[in-house]
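Residue numbers (full-length UniProt numbering): 1 to 323.
Idealized CB from N, CA, C, for every residue including glycine.
Keep in mind the model is a prediction, meaning the values are calculated, not measured.
This report refers to the structure that appears directly beneath it.
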Amino acid sequence: MDRFDRIFDLHKLLSAARYPVHRQRIEQELECSRATAKRIIEAMRLYLNAPIKYDRELNGYFYDPNEGEMYELPGVWFNSSELHALLSAQQLLENVQPGLLEQQLAPLKSRIEALLNAQGMGGASLCQRVRILRAASRPAGDQFQTISTALAQQKRLQINYYQRSSDQTSSRNLSPQRLTYYRDNWYLDAWCHLREGLRTFALDAIESARIIPEAAVQQTDEELNEHFNASYGIFSGQAAQTAHLRFHPLRARWVAKETWHPQQEGFFSGTGHYELKFPYGNDRELLMDILKYGADVEVLAPDPLRQKVQEQLSATLAQYQKK
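This is the structure:
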């Protein structure tokens with residue numbers, strides 16, 4: 001009997017009882033130890049808001065009638081992060097191509113489906129009522145297994161990397177550090193021996209990869225976090241500047257709830273505009289995120305970022321003024 005079954009059984013037991021249910025009977029009905037029974041009761045109180053009370057004289061548990069209507073288990077127990085994790089895992093497993101781990105993954109897929117089906121709504125499973133949409137995702141490419149193997153074995157990689165910005169392919173010797181899944185795409189954080197520094201590589205742009213027996217140069221977690229997490233978005237490096245954006249009052253209702261950077265500062269002005277400040281280094285991704293808001297956002301600082309946005313908007317307008 002798993003945890004979900006025990007919660008259902010305890011709920012039925014307490015709902016049907018006219019008097020407090022003795023602890024020993026709970027352990028017997030739930031087929032568990034005293035410690036497990038206590039954990040189930042605390043979990044129901046904490047996560048499911050169950051009004052379970054304890055009568056010391058009768059040494060039993062009961063639903064508090066002073067809480068109003070008869071308590072019922074919620075139709076859905078998951079919080080947003082748990083539901084997202086389960087549905088994402090299910091979706092990823094559904095897209096897995098047949099391979100060596102197919103038999104090992106099958107029980108995991110069945111277990112996730114059982115958890116989701118247990119939260120069915122109106123006769124349909126929860127996974128049929130919730131959608132997770134992915135936009136602009138790119139396949140990881142044919143080199144994923146080679147790259148992940150080198151990462152796990154702490155070996156170096158020799159890759160051919162296609163740089164879209166220059167339309168050129170270069171050969172790189174890398175010491176892989178981390179794999180990153182960002183905005184539905186895979187990236188490799190690595191020490192580039194050609195550039196002698198940490199760099200980020202899109203996996204779908206790695207045209208070929210082979211493992212080199214030589215041990216990879218390893219960076220500490222502190223060094224990696226300082227380099228890759230300090231700045232805005234996927235582009236790494238030192239966050240040498242601070243972006244200062246001002247959003248139109250209408251758009252502010254959405255942006256005020258968003259997280260652009262862990263170190264961001266946001267506040268409403270007296271005019272109802274929302275102003276947002278955060279550190280950044282490379283401005284390529286930031287420019288794209290600013291431009292998608294069109295006239296609903298203005299860059300107040302720094303001047304170079306403001307100038308680049310003006311240039312992009314002018315070039316865009318020029319496209320529509322051509323005859």
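Residue i (DSSP reduced to helix, strand or coil)
{"i": "Lys308", "result": "helix"}
{"i": "Arg111", "result": "helix"}
{"i": "Gln241", "result": "strand"}
{"i": "Ile212", "result": "strand"}
{"i": "Leu276", "result": "strand"}
{"i": "Glu57", "result": "coil"}
{"i": "Ile52", "result": "strand"}
{"i": "Tyr63", "result": "strand"}
{"i": "Leu287", "result": "helix"}
{"i": "Leu73", "result": "coil"}
{"i": "Gly266", "result": "strand"}
{"i": "Val217", "result": "coil"}
{"i": "Ala124", "result": "The pLDDT assigned to Ala124 is 49, lower than 50, so where the model puts this residue is not dependable; a value taken from the coordinates is nonetheless given after this. Note: Ala124 maps to strand in three-state DSSP."}
{"i": "Glu31", "result": "coil"}
{"i": "His261", "result": "coil"}
{"i": "Arg18", "result": "coil"}
{"i": "Ala295", "result": "helix"}
{"i": "Arg138", "result": "coil"}
{"i": "Ala43", "result": "helix"}
{"i": "Ala230", "result": "coil"}
{"i": "Ala301", "result": "strand"}
{"i": "Leu10", "result": "helix"}
Own chain partners of residue i with C-beta closer than 6 Å, once the 5 adjacent residues on each side are dropped
{"i": "Pro39", "result": "Pro is not the amino acid found at residue 39; the sequence shown has Arg there. There are no such residues."}
{"i": "Arg138", "result": "Asn185 and Asp204"}
{"i": "Leu194", "result": "Arg172"}
{"i": "His11", "result": "Leu73"}
{"i": "Ala256", "result": "Tyr274"}
{"i": "Ala230", "result": "Ala239"}
C-beta contact flag for residue i and residue j at 8 Å
{"i": "Asp184", "j": "Ala140", "result": "no"}
{"i": "Arg23", "j": "Arg34", "result": "yes"}
{"i": "Gly281", "j": "Gln219", "result": "no"}
{"i": "Ala37", "j": "Ile26", "result": "yes"}
{"i": "His248", "j": "Asp289", "result": "no"}
{"i": "Ser208", "j": "Gln168", "result": "no"}
{"i": "Asp21", "j": "Leu13", "result": "Correcting the residue identity first, residue 21 is Val in this sequence and not Asp. Yes. Within cutoff."}
{"i": "Ile112", "j": "Leu73", "result": "no"}
{"i": "Leu92", "j": "Leu108", "result": "no"}
{"i": "Glu285", "j": "Ile206", "result": "no"}
Beta-carbon proximity list for residue i, same chain, < 7 Å, skipping 5 on both sides
{"i": "Phe201", "result": "Tyr161, Tyr187, Leu188 and Ala190"}
{"i": "Pro176", "result": "Ile147, Ala150, Leu151, Leu157, Leu188, Ala190 and Ala216"}
{"i": "Leu305", "result": "Ala243, Asp283 and Val299"}
{"i": "Phe267", "result": "Glu275"}
{"i": "Arg199", "result": "Ala190 and Cys192"}
{"i": "residue 359", "result": "Past the boundaries of the shown model lies residue 359; the chain is included only from 1 to 323, so the question cannot be answered."}
{"i": "Ala17", "result": "Phe62"}
{"i": "Leu287", "result": "Lys308, Val309 and Gln312"}
{"i": "Arg45", "result": "Ile52"}
Neighbourhood of residue i by C-beta distance below 8 Å, restricted to the same chain and skipping five residues each side
{"i": "Ala124", "result": "Low per-residue confidence applies at Ala124: pLDDT is 49, beneath 50, and the placement is therefore not dependable enough to give any value."}
{"i": "Tyr61", "result": "Leu14, Pro20, Val21, Arg23, Ile26, Ile41, Ile52, Lys53, Tyr54 and Asp55"}
{"i": "Phe278", "result": "Tyr232, Thr242, Ala243, Trp260, His261, Gln263, Gln264 and Glu265"}
{"i": "Leu58", "result": "Tyr19, Pro20 and His22"}
{"i": "Phe8", "result": "Leu73"}
{"i": "Tyr63", "result": "Leu14, Ser15, Ala50, Pro51, Ile52, Lys53, Met70 and Tyr71"}
Any non-hydrogen atom of the ligand SAH closer than 7 Å to residue i Cβ
{"i": "Gln312", "result": "Although the ligand SAH was asked about, the structure shown includes no ligands whatsoever."}
The region 250-259 / the region 211-223 touching (three or more Cβ pairs under 8 Å): The region 211-223 and the region 250-259 do not touch, with fewer than three beta-carbon pairs separated by less than 8 Å.
Contact between the region 229-243 and the region 298-306 (3+ Cβ pairs under 8 Å): Note that the region 229-243 touches the region 298-306; at least 3 beta-carbon pairs, one per stretch, sit closer than 8 Å.
Three CB pairs or more closer than 8 Å across the region 180-187 and the region 151-164: Segments in contact, no.
4-residue-minimum alpha helix (DSSP H) runs that sit fully inside the UniProt domain "WYL" (144-211), ordered along the chain: List check, alpha helix (DSSP H) in window: 144-153.
Three CB pairs or more closer than 8 Å across the region 308-318 and the region 258-273: Too few Cβ pairs lie closer than 8 Å, so no.
The region 219-231 touching the region 271-278, judged by at least three CB pairs closer than 8 Å: Of all C-beta pairs linking the region 219-231 to the region 271-278, fewer than three are shorter than 8 Å, placing the two stretches out of contact.
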